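Residue numbers (this note's numbering), protein chains in the order written: chain G, 6 to 254; chain B, 6 to 254.
Encoded structure:
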């Protein structure tokens, strides 16, 4: 029996946001590999081995998955959201490139998912309805100065911005610095959305402005969206709607 | 009976990429509204009226949907991909903001979908695995100079870039100009992916470099991805893998 490796996105949390393509692929897998809380989202069943690991182990996890596929297993590497956005797909391809020659001949596929950014945007309206960028605020794998440079250029381009990993355990002060840079560049009235754990029981969505935003409004499960200069708020009962118009002057 | 309006994403094309949440919502709708080819993706059934319209009619279509919901209908506005990315969600909120006061009290929801950008990225590997931006290259609703400015700043920020609507009917020479700007800024060896109609029978994916890319490699159904300076190609039989590593120097 020949093995394969699929890297699949489980969406932001709710089962109803997992695509049928991903569900069917999981049903034919022998092994599921990933960060423990994501692996636990895949129902246990006879014939399926679930390999959960810690979240700083991406390359070792990818190598393990590739070797199991090379040994004939049908392996699904799971990420939350979309696997291609700050998740396991890049880690697997890094491992392919630096790993054994026969890993390149494996049947490797990526199945997209609803990313945290799209789920967060949908919850408040359509803040990413015009040109936008998406930045990982963690400086585990890149220098902080590069993050700051990207924030400034994104503000100059007047992109809406989606931020992953606003608060890393290693450097919690980073997000306060990012907010300060953005406040300088975009002014205090710019809209900002804190969307935590969207589509789960712990969902918490909050709309405010850069002038009112503080770093403790985000934790590791929060997706942050900062609007462009054109982003608007429509008041209504409950959380206001936030959207960016299709046109720009 | 009280009406509602949901703006839902049908994903890039394959039925297996439509989320169960969207499928279930469509099953309880009385009316489906959207661009004709997208409306036709929703199966016809007794009790469901499908309202297909032309693709320059977004605001009129949004107003029609809002009024039907206000009249008690259960209305789903459909977009392909994700409805919040260059699609109907922003158009609906523009219509809400400028429209009748009672439209603001409607039950309006957005259901995210797998965007064309995520599906295209998954097909070739993980080119959006590090910081990236997403730009609509159509100048129907913004000045061409703003697009050029954003291309330059995105290149300076060393973002990977996903481009929607590379070739508009109104101004087909725009994409050639965009390629020229990118070649200037990023050099001829930069990787570029043309991903047409991903997940449909007409899927066609092509990986090349900015030096080799020509404007006729894209049409209105093509999603274009340009890598960052770090984006890499792994050769293997068939289409090469393209990915951007998680780390940057």
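No residue lacks a Cβ here, since even glycine has one placed at the ideal position from N, Cα and C. In this text, all values refer to a predicted model and were calculated from it rather than measured experimentally.
1) Mapping the DSSP letters down to three states, classify residue 39 of chain B as helix, strand or coil.
2) Straight-line CA distance for residue 211 of chain G to residue 105 of chain G?
3) Specify the secondary structure class of residue 179 of chain B as computed by DSSP and reduced to three states.
4) Give a yes or no on whether the C-beta atoms belonging to residue 164 of chain B and residue 137 of chain B are separated by under 7 angstroms.
5) From this set, B:39, B:75, B:122, B:185, which residue's C-alpha is nearest residue 65 of chain B's C-alpha?
6) Three-state secondary structure (DSSP) at residue 135 of chain B?
7) Apart from the five residues on each side of it in sequence, which residues of its chain come closer than 8 angstroms, Cβ to Cβ, to residue 23 of chain B?
8) Decide if residue 77 of chain B is buried, meaning its Cβ has at least 16 other Cβ atoms within 10 Å, or exposed.
9) Should residue 141 of chain B go down as buried or exposed, given a rule of 16 or more other Cβ atoms within 10 Å for buried?
10) Check whether the Cβ of residue 140 of chain G lies closer than 7 angstroms to any Cβ atom in chain B.
11) Is residue 90 of chain G close to chain B, meaning its C-beta is less than 7 angstroms from at least one C-beta of that chain?
12) Give the list of continuous alpha helix (DSSP H) stretches no shorter than 4 residues that lie fully inside the region 118-163 of chain B.
13) Compute the Euclidean distance between the alpha carbons of residue 252 of chain G and residue 51 of chain G, then round it to the nearest angstrom.
14) Rounded to whole angstroms, what's the CA-CA distance from residue 146 of chain B to residue 223 of chain B? Just pull it up for me.
15) Please confirm whether residue 179 of chain B has its beta-carbon closer than 7 angstroms to some beta-carbon of chain G.
16) Is the distance from the Cβ of residue 247 of chain B to the Cβ of residue 184 of chain B below 7 angstroms?
17) Return the bridge partner residues of residue 108 of chain G from the DSSP annotation.
18) Rounded C-beta distance between residue 232 of chain G and residue 249 of chain G? I'm assuming under 8 angstroms.
19) So, with DSSP's three-state summary, where would you put residue 197 of chain B?
20) Can you list the residues of chain B that residue 239 of chain G reaches, using a CB-CB cut of under 8 angstroms?
21) Could you tell me which chain B residues have their CB closer than 8 angstroms to the CB of residue 40 of chain G, listed as they occur along the chain?
22) Mapping the DSSP letters down to three states, classify residue 23 of chain G as helix, strand or coil.
23) Give a yes or no on contact between the region 113-131 of chain G and the region 87-100 of chain B, applying the rule of three or more CB pairs nearer than 8 angstroms.
24) Using only the alpha-carbon positions, how far apart do residue 182 of chain G and residue 58 of chain B sit?
25) Span of the beta strand (DSSP E) holding residue 166 of chain G?
26) Can you name the residues of chain B whose CB is closer than 8 angstroms to the CB of residue 26 of chain G?
27) Quickly, what does DSSP pair residue 13 of chain B with across the bridge? List them, please.
28) Counting only Cβ-Cβ distances shorter than 8 angstroms, please list the residues of the region 164-177 of chain B near chain C, keeping chain order.
29) Would the beta-carbon of residue 205 of chain B fall within 7 angstroms of that of residue 18 of chain B?
30) Going by the beta-carbon positions, is the gap between residue 116 of chain B and residue 47 of chain B smaller than 7 angstroms?
31) Tell me the rounded alpha-carbon separation between residue 167 of chain B and residue 107 of chain G.
32) In terms of residues, what are the limits of the alpha helix (DSSP H) holding residue 101 of chain B?
33) Name the residue from G:238, G:241, G:187 whose alpha carbon lies nearest to the alpha carbon of residue 216 of chain G.
34) Could you pull the start and end residues of the beta strand (DSSP E) that residue 56 of chain G belongs to?
35) Is it right to say residue 225 of chain B is buried, meaning 16 or more other beta carbons lie within 10 angstroms of its own, or is it exposed?
36) Round the Cβ separation of residue 93 of chain B and residue 67 of chain B to the nearest angstrom and send it over; I've been treating them as touching at under 8 angstroms.
Looking at the coordinates:
1) Your numbering for residue 39 of chain B matches position 34 in the second chain. Here residue 39 of chain B sits in strand by DSSP.
2) What you label residue 211 of chain G is simply residue 206 of the first chain in a count that begins at 1. What you label residue 105 of chain G is simply residue 100 of the first chain in a count that begins at 1. In a straight line, the C-alpha of residue 211 of chain G is about 47 angstroms away from that of residue 105 of chain G.
3) Stepping through the second chain from its first residue, residue 179 of chain B is reached at position 174. Here residue 179 of chain B sits in helix by DSSP.
4) As a working mapping, residue 164 of chain B is identified with position 159 in the second chain. As a working mapping, residue 137 of chain B is identified with position 132 in the second chain. In this structure, the beta-carbon distance from residue 164 of chain B to residue 137 of chain B falls below 7 angstroms.
5) For the purposes of this step, residue 65 of chain B is taken as residue 60 along the second chain, with counting starting at 1. Taking the Cα of residue 65 of chain B as reference, the smallest distance to any Cα among B:39, B:75, B:122, B:185 is reached at B:39.
6) Reading the second chain from its first residue, position 130 is the one you call residue 135 of chain B. Coil, per DSSP.
7) To locate residue 23 of chain B, count along the second chain from 1; it is residue 18. For residue 23 of chain B, where only same-chain residues beyond five positions count, the Cβ hits under 8 angstroms are 15, 16, 118.
8) Stepping through the second chain from its first residue, residue 77 of chain B is reached at position 72. It is exposed - the Cβ of residue 77 of chain B has fewer than 16 other Cβ atoms within 10 Å.
9) Residue numbering aside, residue 141 of chain B sits at position 136 when the second chain is read from its first letter. The residue is buried, with at least 16 neighbouring Cβ atoms inside 10 Å.
10) For the purposes of this step, residue 140 of chain G is taken as residue 135 along the first chain, with counting starting at 1. The Cβ of residue 140 of chain G sits closer than 7 angstroms to at least one Cβ of chain B.
11) Start at 1 with the first residue of the first chain, and residue 90 of chain G comes out as number 85. Output row for residue 90 of chain G: interface = yes.
12) For the region 118-163 of chain B, whole alpha helix (DSSP H) runs of length 4 or above, ordered along the chain, are 121-129, 149-161.
13) If you number the first chain from 1, residue 252 of chain G lands on position 247. If you number the first chain from 1, residue 51 of chain G lands on position 46. Straight-line Cα distance between these residues: approximately 53 angstroms.
14) Taking the second chain and counting its residues from 1, the one referred to as residue 146 of chain B is at position 141. Taking the second chain and counting its residues from 1, the one referred to as residue 223 of chain B is at position 218. Approximately 20 angstroms, taken between the alpha carbons.
15) In the second chain, counting from the first residue as 1, residue 179 of chain B sits at position 174. Chain G contact via Cβ: absent.
16) Residue numbering aside, residue 247 of chain B sits at position 242 when the second chain is read from its first letter. Residue numbering aside, residue 184 of chain B sits at position 179 when the second chain is read from its first letter. Their beta carbons are not under 7 angstroms apart, which means residue 247 of chain B does not touch residue 184 of chain B by this criterion.
17) For the purposes of this step, residue 108 of chain G is identified with residue 103 of the first chain, where counting begins at 1. The partner list for residue 108 of chain G (beta bridge, DSSP) is empty, contrary to what the question assumes.
18) Position 227 of the first chain, counting from 1, holds the residue named residue 232 of chain G. Position 244 of the first chain, counting from 1, holds the residue named residue 249 of chain G. Yes, they are in contact, since the Cβ atoms of residue 232 of chain G and residue 249 of chain G sit about 6 angstroms apart, within 8 angstroms.
19) Here residue 197 of chain B corresponds to residue number 192 of the second chain, with the count starting at 1. Reduced to three states, the DSSP call for residue 197 of chain B is strand.
20) As a position in the first chain, residue 239 of chain G is number 234, starting the count at 1. Result: 98, 101, 102, 109.
21) As a first step, residue 40 of chain G must be located in the first chain, where it is residue number 35. By Cβ distance, chain B contributes nothing, its closest Cβ being about 14 angstroms from residue 40 of chain G, past 8 angstroms.
22) Here residue 23 of chain G refers to the residue found at position 18 when the first chain is read from its first residue. Coil, per DSSP.
23) yes
24) On the first chain, residue 182 of chain G is found 177 positions in, with the first residue counted as 1. On the second chain, residue 58 of chain B is found 53 positions in, with the first residue counted as 1. Residue 182 of chain G and residue 58 of chain B: Cα-Cα distance of roughly 47 angstroms.
25) Along the first chain, one-based indexing puts residue 166 of chain G at 161. First-last of the beta strand (DSSP E) with residue 166 of chain G: 165-169.
26) Counted from its first residue, the first chain places residue 26 of chain G at position 21. The contacting residues are 19, 21, 22.
27) Here residue 13 of chain B corresponds to residue number 8 of the second chain, with the count starting at 1. B:83, B:116.
28) In the displayed structure, chain C is absent; the protein chains listed are G and B.
29) In the second chain, residue 205 of chain B corresponds to position 200, counting from 1. In the second chain, residue 18 of chain B corresponds to position 13, counting from 1. With respect to the 7 angstroms criterion, residue 205 of chain B and residue 18 of chain B are classified as neighbours on the basis of their beta carbons.
30) Looking up residue 116 of chain B in the second chain gives position 111. Looking up residue 47 of chain B in the second chain gives position 42. Their beta carbons are not under 7 angstroms apart, which means residue 116 of chain B does not touch residue 47 of chain B by this criterion.
31) Position 162 of the second chain holds residue 167 of chain B. Position 102 of the first chain holds residue 107 of chain G. Each residue's Cα considered, the two are about 31 angstroms apart.
32) Taking the second chain and counting its residues from 1, one reaches residue 101 of chain B at position 96. Counted as a single uninterrupted DSSP element, the alpha helix (DSSP H) harbouring residue 101 of chain B occupies residues 93-103.
33) Within the first chain, residue 216 of chain G is the residue found at index 211, counting from 1. Selected option, being the one with the closest Cα: G:187.
34) Within the first chain, numbered from 1, the residue matching residue 56 of chain G stands at position 51. Per DSSP, residue 56 of chain G is one residue of the beta strand (DSSP E) stretching across 54-58.
35) Walking along the second chain from the start, residue 225 of chain B turns up at place 220. With fewer than 16 other Cβ atoms within 10 Å, it is exposed.
36) Translated into positions along the second chain, residue 93 of chain B becomes position 88. Translated into positions along the second chain, residue 67 of chain B becomes position 62. So it is a contact: roughly 7 angstroms between Cβ atoms.
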